[in-house]
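Everything on this sheet refers to the single structure shown next.
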Amino acid sequence: MTSPFSGPRAQVAAAIALMSSAAILLGACSISEAAGNSGQSPSAQVSPLAPARHTGPQGLAGQFVTDCGYSHSAPDDPIVFPGEPGMSHEHDFFGNSSTNAESSTASLLKGATTCQKQRDTAAYWAPQLRDNGQVVTPVKSVAYYRAAPGVNPKDVVSFPEGLHIIAGDMTATEPLSPDLAGWACGVSSTHDASPPQCPDSAPLRAVITFPDCWDGVNADSKNHRSHMVNSSQGLCPKTHPVHVPQLTFAVAYPISGTGHDLTLASGSTYGIHADFINSWDQEGLENEVKLCLNRDVVCGLSSNRDEDPLFGPK
Amino acid sequence: MYLRDLKGDEMRKATFKLMLAFLATLALLATACGGSDSESGGDSNNADSGSDSTMTIAVPADQPTIQDAVDAAKPGALILISPGVYNEDVDVITDDLTLRGLDRNTVILDGQFKLENGVRILEANGVVVENMTARNFTSNGFYWTGVEGYRGSYLTAYRNGDYGIYAFDAVNGQLDNSLGSGSPDAGFYIGECYPCNALIDNVISENNGLGYSGTNSGGDLYIVNSTFRNNRAGVVPNSGSYELCYPERDTTVVGNLVYENNNEVAPAIEVALLAQGNGILLPGGVRNLVQRNQVFNHTRTGIGLVPYPEEDASDLAPEAAEWDTPCSETHDVEVPPIPAADCKAVDGLLKGCVVFWNPYENRILDNTISGSGAADLAVGTIDLLGLGVTTDMLRNCFSGNTFATSAPNDLQALAPCDAEGNGGSWDAGALDLLGLLGSPAAAPPEGTYKTTPEPAAQPNMPNAAKAPVTPAPTGPPKVDIDAIALPARPAGT
Chain E
17 MTSPFSGPRA
27 QVAAAIALMS
37 SAAILLGACS
47 ISEAAGNSGQ
57 SPSAQVSPLA
67 PARHTGPQGL
77 AGQFVTDCGY
87 SHSAPDDPIV
97 FPGEPGMSHE
107 HDFFGNSSTN
117 AESSTASLLK
127 GATTCQKQRD
137 TAAYWAPQLR
147 DNGQVVTPVK
157 SVAYYRAAPG
167 VNPKDVVSFP
177 EGLHIIAGDM
187 TATEPLSPDL
197 AGWACGVSST
207 HDASPPQCPD
217 SAPLRAVITF
227 PDCWDGVNAD
237 SKNHRSHMVN
247 SSQGLCPKTH
257 PVHVPQLTFA
267 VAYPISGTGH
277 DLTLASGSTY
287 GIHADFINSW
297 DQEGLENEVK
307 LCLNRDVVCG
317 LSSNRDEDPL
327 FGPK
Chain G
425 MYLRDLKGDE
435 MRKATFKLML
445 AFLATLALLA
455 TACGGSDSES
465 GGDSNNADSG
475 SDSTMTIAVP
485 ADQPTIQDAV
495 DAAKPGALIL
505 ISPGVYNEDV
515 DVITDDLTLR
525 GLDRNTVILD
535 GQFKLENGVR
545 ILEANGVVVE
555 NMTARNFTSN
565 GFYWTGVEGY
575 RGSYLTAYRN
585 GDYGIYAFDA
595 VNGQLDNSLG
605 SGSPDAGFYI
615 GECYPCNALI
625 DNVISENNGL
635 GYSGTNSGGD
645 LYIVNSTFRN
655 NRAGVVPNSG
665 SYELCYPERD
675 TTVVGNLVYE
685 NNNEVAPAIE
695 VALLAQGNGI
705 LLPGGVRNLV
715 QRNQVFNHTR
725 TGIGLVPYPE
735 EDASDLAPEA
745 AEWDTPCSET
755 HDVEVPPIPA
765 ADCKAVDGLL
775 KGCVVFWNPY
785 ENRILDNTIS
795 GSGAADLAVG
805 TIDLLGLGVT
815 TDMLRNCFSG
825 NTFATSAPND
835 LQALAPCDAE
845 GNGGSWDAGA
855 LDLLGLLGSP
865 AAAPPEGTYK
875 TTPEPAAQPN
885 MPNAAKAPVT
895 PAPTGPPKVD
905 IDAIALPARP
915 AGT
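Chains E and G, in that order, are what the protein sequence lines are.
Sequential numbering from 17 applies to the first sequence in this note's numbering.
Sequential numbering from 425 applies to the second sequence in this note's numbering.
This is how it looks when you write it as structure tokens:
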């Protein structure tokens, strides 16, 4: 393709990507350090370790959104500790309601879902949140599927069935780039490395953005990371040439106001991370990618319209 | 004729609606802007939908499902759907299709609370959907997004989990002769467009969280000759930077019946609980015209102009000089974060970057309002951010209304549209905004939308089997608002 971009949105997105590249470069320093700590740094790539992220009001870029209720919690992790129940820190699971340590893509494809989109039977999970040591039961998760900023929406193909992805760094004890994994109030695209104090009308969310370039071969890798990298200025590197959706995963918690002391089951809130196994109804996922992302259509939004009102009873 | 099959109460309703339709026809005769009015007015016996120029696909005779028919259709095709319950969600990406049911009440798309949208039109221009029902979808009954040209006529949408009939980022549209019932958000919604070039005409919206909602929409956007009743709140367009194209402005609300929007058992998103008990509420609405509406029996305000305070806002409210900027000029522009110096919070009350979307320059004319618990006519703001903006500075005006109570007192003398105000006090009888905003209704149980009452049978489009295809609008509607009279109160209300 001679020009990777087409249409005004893509041009704007490209400009944004260029403008933010300096910020990304700065962010990359701290991320690579953190990734080094975890021993999970992918082999040398030209792509940055923090994603270029959509900001501002939703609607600038084509997207589809899948809202999934909280399903269950367990000390299981079918990506990192497959077949070893109880080996992981406590996770909250969303979407597929059958997810456990024994889960395989085949078993997940038979599972039920907590998602509003019934065709989304994917498995999503994140570490359990605690407030003053007490377990916080999340409200729901919201998964945004978009072409990353600068990426030509027409180039994006669906996740392959069974793709495993991890984003964020559970071992982080220093702030990561909040573009990669951070905390926000409601649907605000302002992200912090630590949980901010949120209003009732926009309670706390953890927000993790997954890498959007796939090596085109492996559904998983030994460190569960090196088969995926972030795009840079709208381009995927030759080693990971396949553009897949940029999945931004948010967990909504019933946390607002003051008096909270938040930790994760994995440790510091800096270590917020999330895992994903693509066990969507594959045809359903491909349909949404084709209709919404490739055609740059806003197929759905997440809003604060259903959050507690201002001045409401506390 | 369907009237023969109805009895008692249904007959009265049907007669009433015929009268409404007649009034609407009178109002629209001058417009000749296409749409259903020309269909209902014309002698369609001569029409032949199977003419050479129209490709017609029958469901299930030619194609087993509606989606199969849509996928097989070329632009301009008519898809004629026979009575039946269709458990499918239909995606349309082909321009200029017409999806038409042969019978509005028995051609039913049913999502069984598993599928998301009855019909979803995604950046396909000029798509018309008419004469059918969509129920039991987890999101929307009928949904247009990113389109130029759309029409929904003789549609029934009920028991849908977000909106009944929903147009987002869409221009040149018409929604007419339709019913939206039992959605926790709005029965009818037109949002994120300016100018929208859209008409909502002769619809009924009931048993919803909001009768009408439209965030950041307006500009040749008309809501006329319609009934908004028994929702939690009636007509509620609003502004906010959580979506693009703010503020909401230049919506024209004329000749509607808006009554008894106090429903305590209807499904509701949280903002509907906050808006509960208001007839026409403009939270942060700008330059709207609200004229000759019959508004009665609301526990809070009949017509209320209030601020929409947005916490953790994405952007500041645009200055008045920017209100004419078309959505297309701001739509694809990156919004930088609010500069720290402009980011204000209210200690102990409002957090993050707070933006007060105030109601400016609305004109409230010739309405008849009665039976309101707080005030028939109301306007108010609170200057919590210390920006020096008070209610008297918002340039809203009120003339020719028939009403008993207002907040502040004597509002038509204080802020008339056609003369100088009397210089009276804006504090006497001022709206208790904190009280209003601070006492939302109790939330209904999860999934309440699934229990919405079944609507009565609704009128069919005339001659659905043979009426010719009438294209969707291609520009702003031509509406003679001066010809639209104040509707009378229905018998028994």
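Even glycine gets a Cβ: it sits at the ideal position worked out from N, Cα and C.
Where the beta strand (DSSP E) through E/A222 begins and ends: Element bounds for E/A222: L220 to T225.
Best match in E/Q74, E/A66 and E/L65 for proximity to E/L317 [C-alpha to C-alpha]: With respect to the C-alpha of E/L317, the residue from E/Q74, E/A66 and E/L65 having the closest C-alpha is E/Q74.
Beta-carbon proximity of E/L307 to G/D515, cut-off 7 Å: In contact: E/L307 and G/D515 (Cβ atoms closer than 7 Å).
Boundaries of the alpha helix (DSSP H) in which E/N303 is found, first to last residue: E/N303 -> alpha helix (DSSP H) spans Q298 to E304.
Residues that G/G708 contacts on chain E, provided the C-beta gap is smaller than 7 Å: Within 7 Å Cβ-Cβ: nothing; G/G708 doesn't reach chain E, min ~13 Å.
Proximal residues of chain E, C-beta to C-beta of G/S794 below 9 Å: What G/S794 touches in chain E: nothing, since even the nearest Cβ is about 27 Å away.
Buried or exposed (CB count within 10 angstroms, at least 16 for buried), G/L811: The residue is exposed, with fewer than 16 neighbouring Cβ atoms inside 10 Å.
Backbone secondary structure at E/G287 - three-state DSSP: Reduced to three states, the DSSP call for E/G287 is helix.
Contact with chain E by G/D736, beta-carbon distance below 7 Å: Cβ-Cβ to chain E under 7 Å: yes for G/D736.
Strand pairing of G/L545, partner residues [DSSP]: The sequence as given places Ile at residue 545 of chain G; Leu does not occur at that position. Beta-bridge pairing links G/I545 to G/V516 and G/W568.
Within-7 Å CB hit, E/P270 to chain G: Chain G, which has no Cβ nearer than 7 Å to the Cβ of E/P270, makes this no.
Test: E/V313 CB closer than 7 Å to a CB of chain G: True, the Cβ-Cβ gap to chain G drops below 7 Å.
Residue closest to E/Q144, alpha-carbon to alpha-carbon, out of E/W296, E/D291, E/P253 and E/S295: Just measuring C-alpha positions, the residue of E/W296, E/D291, E/P253 and E/S295 sitting nearest E/Q144 is E/D291.
Cα-Cα separation, E/S87 to E/W141: Distance between the alpha carbons of E/S87 and E/W141 is about 10 Å.
Inter-residue Cα distance where the pair is G/C669 and E/V81: Near 20 Å, if we compare the C-alpha coordinates of E/V81 and G/C669.
C-beta neighbour in chain E for G/S665, strict 7 Å: Closer than 7 Å to some Cβ of chain E, the Cβ of G/S665 qualifies, so yes.
The beta strand (DSSP E) enclosing E/G184, as first and last residue numbers: For E/G184, the enclosing beta strand (DSSP E) stretches over residues H180 to G184.
Reduced DSSP category for G/V494 - H, G, I as helix; E, B as strand; rest coil: Three-state result, G/V494: helix.
Minimum Cβ-Cβ distance from G/D515 to chain E less than 7 Å: Contacts with chain E at 7 Å (Cβ-Cβ) include G/D515.
At least three beta-carbon pairs within less than 8 Å, the stretch 149-158 of chain E to the stretch 249-258 of chain E: With the cut-off at 8 Å, the stretch 149-158 of chain E and the stretch 249-258 of chain E do not touch.
Listed by chain order, chain E residues near G/V759 by CB distance under 7 Å: Those are G72 and P73, listed as they occur along chain E.
Cut-off 8 Å between Cβ atoms - residues of its own chain near E/K126, not counting five sequence neighbours on either side: Apart from the 5 residues on each side of it in sequence, E/K126 sits with its Cβ closer than 8 Å to the Cβ of S114 in its chain, given in chain order.
Residues of the stretch 240-259 of chain E with Cβ closer than 9 Å to any Cβ of chain G, in chain order: Residues of the stretch 240-259 of chain E whose Cβ lies closer than 9 Å to any Cβ of chain G: none.
Under the three-state DSSP convention, the category E/K170 falls into: In this structure, E/K170 counts as helix in the three-state DSSP scheme.
Straight-line gap, G/G508 to G/E878 (C-alpha atoms, nearest Å): For G/G508 and G/E878, the distance between alpha carbons rounds to 17 Å.
CB contact flag (G/I704, G/V648, <7 Å): Cβ atoms of G/I704 and G/V648: not closer than 7 Å.
Alpha-carbon to alpha-carbon, G/Y567 and G/S924: The displayed coordinates of chain G run from 425 to 917. Any statement about residue 924 of chain G would go beyond what the structure contains.
Which listed residue (G/A802, G/Q491 and G/V571) has its alpha carbon closest to that of G/D834: Put simply, of G/A802, G/Q491 and G/V571 the residue whose alpha carbon is nearest the alpha carbon of G/D834 is G/A802.
Anticipated Cβ contact below 8 Å, G/A745 with G/I762, distance rounded: Rounded, the Cβ-Cβ distance is 19 Å, inconsistent with contact.
For G/L603 and G/I624, the rounded distance between their alpha carbons: Those two C-alpha atoms are separated by around 11 Å.
Expected contact under 8 Å - CB spacing of G/Y574 and G/A610 to nearest Å: Wrong, their Cβ atoms sit about 17 Å apart, outside the cutoff.
Unbroken alpha helix (DSSP H) run spanning E/Q144, endpoints: It is not in any alpha helix (DSSP H) - E/Q144 carries neither H nor E in the DSSP assignment.
Proximity test, Cβ basis, 7 Å: G/K890 and chain E: No Cβ of chain E is located within less than 7 Å of the beta carbon of G/K890.
Cβ-Cβ distance between G/Q598 and G/P897 below 7 Å: Taking C-beta atoms as the reference points, G/Q598 and G/P897 count as a pair closer than 7 Å.
Nearest residue (CA-CA) to G/A867, options G/A692, G/P671 and G/A852: Of G/A692, G/P671 and G/A852, the smallest CA-CA separation from G/A867 is found for G/A692.
Proximity of G/G570 and G/D593 at Cβ, strictly below 7 Å: Remark: C-beta atoms of G/G570 and G/D593 approach each other more closely than 7 Å.
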